Structure formats: structure tokens, C-alpha cells
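Residue numbers (my numbering): 9 to 198.
Every residue, glycine too, gets a C-beta built ideally from N, C-alpha and C.
Nothing here was measured: the structure is a model prediction, and the numbers come from that model.
Read through the structure below, which is laid out as C-alpha cells, and then see the notes.
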Ligand SMILES: [Zn+2]
């Protein structure tokens, strides 16, 4: 294996570790994205550099990836736990990291969320979005049993980004307004 993995990824069982490593390969598996758990610099709370993630991108990713999501649950997405997490303000500030100018993907994560209930497993999701198109490239969360299912934490992170894009937070000229939206967003449920 090339490229350093985080202590978390290194601690996974062999099969899960291989799978984690494979997620990070791109460009015909000739290049490796940095493991987001060890990316320490350049994380930003400013939504202005978020890729244009659309509902269609989320839909395709969640349907194509073995997960709790299927066509019926996506049709009723407002009743999904992931969506409810976002509208009730449970997704903390979203951080983005462009890695470097040559990297075609943007790393995104939610700042660690304290568990609501003691029995909840720790969860720390990350995703990589294609910078130009907003396509979801890969994602991971520490709550996963090692193999690549999508959990509601990854889903919630995706929904929050999509809402920000839809609400114009990536386009606004007011950086402070966008950053404030990112750290305090709670949708008024009618
Ligand atoms: Zn999770």
C-alpha cells in the first residue's frame, strides 16, 4: 500500500482496510487521495468553495452504493433520519478542504458531533466531491462496520451541503453570512 492511512484506518481489519484504501484511489487507480482523517490543514468553514452538489448527485450516489437507501426511501427523503438530522440542526458546521490545486476532489466533513445518546457509536463522516461537477466520489464514516455502506451521518452531511448550495450560500458575496449559516443552520420546519 502507498500513502499513509490514519491510525483509524490502519486499525481496521484487513478486508475493511483494503476497501478503505481503494476508495481513495482515483485517476484509474494511479493516484491516491489523502485520508481525510489525517488532513490537518486548510479546512475551511466558508461554503464559497463547495462544489455544486445537487439532489440528483445525492440520489445517484445513495442508490448506487449498498446502503439503507433505495428508490422508495429517496422518494420520501424528507422522512429519512439523515434529512431530519439536518433540518433539526444536528449537523455541525461543515468543513471543506481542497487538498491542493491539482486535486480534482474536495474533501468535506462535519465537525465532530457529540453523541446524543451514550449508546450511539462514535461517528465522524467524510466525503469527497468532484470539484467541477459536484459528483459524489466516495464517503466514509467511523460508525460503519468497516464495509462500505452509507450511513445516515454521510447522508446528513450530503443533504446539508445540498441545502447550502440550493440556498445560494456558495454564491453569496457575504462570506460572514454564509459562514454563519453553516455554523447555525436549522431549518424552520413548517
Ligand atoms: Zn455514520
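In whole angstroms, give me the CA-to-CA distance for residue i and residue j.
i, j, result
"residue 43", "residue 34", "13 Å"
"residue 95", "residue 164", "9 Å"
"residue 69", "residue 182", "31 Å"
"residue 85", "residue 17", "31 Å"
"residue 77", "residue 58", "24 Å"
"residue 162", "residue 176", "22 Å"
"residue 186", "residue 32", "29 Å"
"residue 158", "residue 45", "17 Å"
"residue 55", "residue 28", "27 Å"
"residue 167", "residue 117", "12 Å"
"residue 40", "residue 80", "35 Å"
"residue 12", "residue 25", "12 Å"
"residue 60", "residue 138", "9 Å"
"residue 149", "residue 132", "5 Å"
"residue 191", "residue 135", "18 Å"
"residue 170", "residue 67", "11 Å"
"residue 184", "residue 50", "18 Å"
"residue 107", "residue 36", "19 Å"
"residue 144", "residue 113", "9 Å"
"residue 87", "residue 93", "10 Å"
"residue 38", "residue 111", "13 Å"
"residue 152", "residue 21", "13 Å"
"residue 97", "residue 89", "12 Å"
Going by DSSP, which residues form a beta bridge with residue i?
i, result
"residue 164", "For residue 164, which the question treats as bridged, DSSP gives no partner whatsoever."
"residue 33", "40"
"residue 148", "134"
"residue 104", "52, 116"
Could you give the first and the last residue of the continuous alpha helix (DSSP H) run that contains residue i?
i, result
"residue 254", "In the structure as shown, the chain begins at 9 and stops at 198. Residue 254 is therefore absent and cannot be evaluated."
"residue 191", "183–192"
"residue 95", "89–95"
Just verifying my parser: in three-state terms, what is the DSSP assignment at residue i?
i, result
"residue 14", "coil"
"residue 158", "strand"
"residue 81", "helix"
"residue 75", "strand"
"residue 19", "coil"
"residue 176", "coil"
"residue 65", "helix"
"residue 70", "helix"
"residue 139", "coil"
"residue 25", "helix"
"residue 110", "coil"
Tell me, to the nearest whole angstrom, how far the beta carbon of residue i is from that of residue j; I am working on the premise that it is less than 8 Å.
i, j, result
"residue 65", "residue 142", "5 Å"
"residue 52", "residue 103", "7 Å"
Let me check you understand the geometry: is the CB of residue i closer than 7 Å to at least one non-hydrogen atom of ligand 2?
i, result
"residue 146", "This structure simply doesn't include ligand 2; it includes ligand 1 instead."
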